[in-house]
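This report concerns only the one structure given below.
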Amino acid sequence: MRWNGTGKVRVPPIKCQGIKTKLVPFIARSIRWQGEGRWIEPFLGSGVVAFNLKPRRALLADINPHIIRFYQAIQRNEITPQVVREFLTEEGRRLVREGEAHYYAIRERFNREQNPLDFLFLNRAGFNGLVRFNRQGELNVPFCRKPERFSPAYISKIVNQVRWVYQLLQTHEWEFRVAHWEQTLSEATPSDFAYLDPPYEGRHADYYNQWDTEDTHHLLEILKRLQCGYALSMWLENPYRQNMIVYYLSQSHVVKVYEHFYHVGAEEKNRNWIREALIIHPDFACMEDTLVSPCSVQAAQGSLF
Ligand SMILES: C[S@@+](CC[C@H](N)C(=O)[O-])C[C@H]1O[C@@H](n2cnc3c(N)ncnc32)[C@H](O)[C@@H]1O
Numbered sequence: 177m178r179w180n181g182t183g184k185v186r187v188p189p190i191k192c193q194g195i196k197t198k199l200v201p202f203i204a205r206s207i208r209w210q211g212e213g214r215w216i217e218p219f220l221g222s223g224v225v226a227f228n229l230k231p232r233r234a235l236l237a238d239i240n241p242h243i244i245r246f247y248q249a250i251q252r253n254e255i256t257p258q259v260v261r262e263f264l265t266e267e268g269r270r271l272v273r274e275g276e277a278h279y280y281a282i283r284e285r286f287n288r289e290q291n292p293l294d295f296l297f298l299n300r301a302g303f304n305g306l307v308r309f310n311r312q313g314e315l316n317v318p319f320c321r322k323p324e325r326f327s328p329a330y331i332s333k334i335v336n337q338v339r340w341v342y343q344l345l346q347t348h349e350w351e352f353r354v355a356h357w358e359q360t361l362s363e364a365t366p367s368d369f370a371y372l373d374p375p376y377e378g379r380h381a382d383y384y385n386q387w388d389t390e391d392t393h394h395l396l397e398i399l400k401r402l403q404c405g406y407a408l409s410m411w412l413e414n415p416y417r418q419n420m421i422v423y424y425l426s427q428s429h430v431v432k433v434y435e436h437f438y439h440v441g442a443e444e445k446n447r448n449w450i451r452e453a454l455i456i457h458p459d460f461a462c463m464e465d466t467l468v469s470p471c472s473v474q475a476a477q478g479s480l481f
């Protein structure tokens, strides 16, 4: 895939669980696809992968309607950088004046009216940058407890992120759709390429991220019959557990591994590693540049596969 290797990965305006910002260069370098058909992403999330890879044509879908409606509103020019600046400046001022009551008033309004600008506000002022919905499909993330959240610098940062996506949407043939992944994949044709990043299994904390072993098996069944090339992201292992399904898939796919670290709390001793796998249809795996820094990944690859 096209990636100049030196450019910085840019971050979209909407954050979500499992966002793949760190993995974008790794994903781009691992895939061999000429870009003739459509880039299909049935689990779009934040959009960070597609937006950085910039395929000419794409079908970008997610079951979460709020994410998709936000990008559709940019596409229709209803949300522009200027609109975002004015909205966040006004609501940010009220947040300073009224404190967390204003966050919860916007949350209530969003759950009633589902306005994409309210979604952006909540997404950027919620605790830990989480997007989480309860069983009724209502956003239930608590306030980050920073009434000064929307400083001029923070607003400009978000406006620039919106401008970036806004400009991309002017020049690329991208369709955004609210859809179940199976529906999205049913439209794939041989010249397309699908990048799949389903939710982690068994974390039922979020209404739009329900995913269990049965879903994984069903997805793998559909992939066997898929008309186009594909790459599937899955966690491989952490210090405590291994995802055995990746080992099984390595018999029929090219599996590339990326290791990174995350912190639980601020202390250095709580720094943990996690290895992520990219499981690629063998005809679409880039065989050069198979190893990705840091070097420990090489050891992991050598010993595992
Ligand atoms: C791990 S996240 C994707 C993250 C994304 N690659 C990124 O970097 O931001 C998984 C996404 O799958 C979506 N999702 C969950 N179940 C789905 C389903 N049945 N069909 C389509 N999308 C689904 C969730 O709403 C979530 O946005």
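Heads up: the sequence shown runs through residues 177 to 481, numbered per this note's numbering. All C-beta atoms in this analysis are idealised placements derived from N, C-alpha and C, irrespective of residue type, glycine included. As the structure is a computational prediction, the values presented were derived from the model and not from experiment.
A Cβ-Cβ distance of about 5 angstroms is found for the pair N316 and N310, placing them in contact under the 8 angstroms criterion. The bridge partners DSSP lists for R447 are H439. Here P218 is buried, its C-beta having at least 16 other C-beta atoms within 10 Å. Restricting attention to E262, I255, E363, V335, the CA atom closest to the CA of L235 is found in E363. S409 has L454 as its beta-bridge partners, per DSSP.
In this structure, the beta-carbon distance from T360 to A281 does not fall below 8 angstroms. The beta carbon of I331 lies closer than 7 angstroms to those of R261, L264, T265, G268 in the same chain, with the five residues before and after it left out. E217 sits in a strand when the DSSP states are folded into three classes. Across the set I190, G221, R205, Q193, the C-alpha of G221 shows the shortest separation from the C-alpha of V354. Inter-residue distance for R300 and E397 is about 37 angstroms (C-alpha atoms, whole angstroms).
Among the bridge pairs identified by DSSP, L236 is matched with E217, F352. Straight across, the Cα-Cα distance linking I255 with P188 is about 14 angstroms. With contact defined as three or more Cβ pairs closer than 8 angstroms, the stretch 388-402 and the stretch 188-197 are not in contact. F460 is positioned such that its CB atom lies closer than 8 angstroms to that of W209. L229 is not bridged by DSSP to any residue.
Under the three-state reduction of DSSP, A381 is assigned to coil, being neither helix nor strand. The straight-line gap separating the alpha-carbon atoms of M420 and M410 is approximately 11 angstroms.
Shortest gap from the CB of P374 to any heavy atom of ligand 1: under 7 angstroms.
Bridge pairing for I207: A461 [DSSP]. Judged by DSSP secondary structure, A329 falls within the alpha helix (DSSP H) whose first and last residues are 328-347.
The residue from N253, Y416, A204, R245 with its alpha-carbon nearest to that of Q343 is N253. Between the alpha carbons of N446 and L306 lies a distance of about 21 angstroms.
In terms of CA proximity to W449, V433 leads the group I190, C462, V433, I455.
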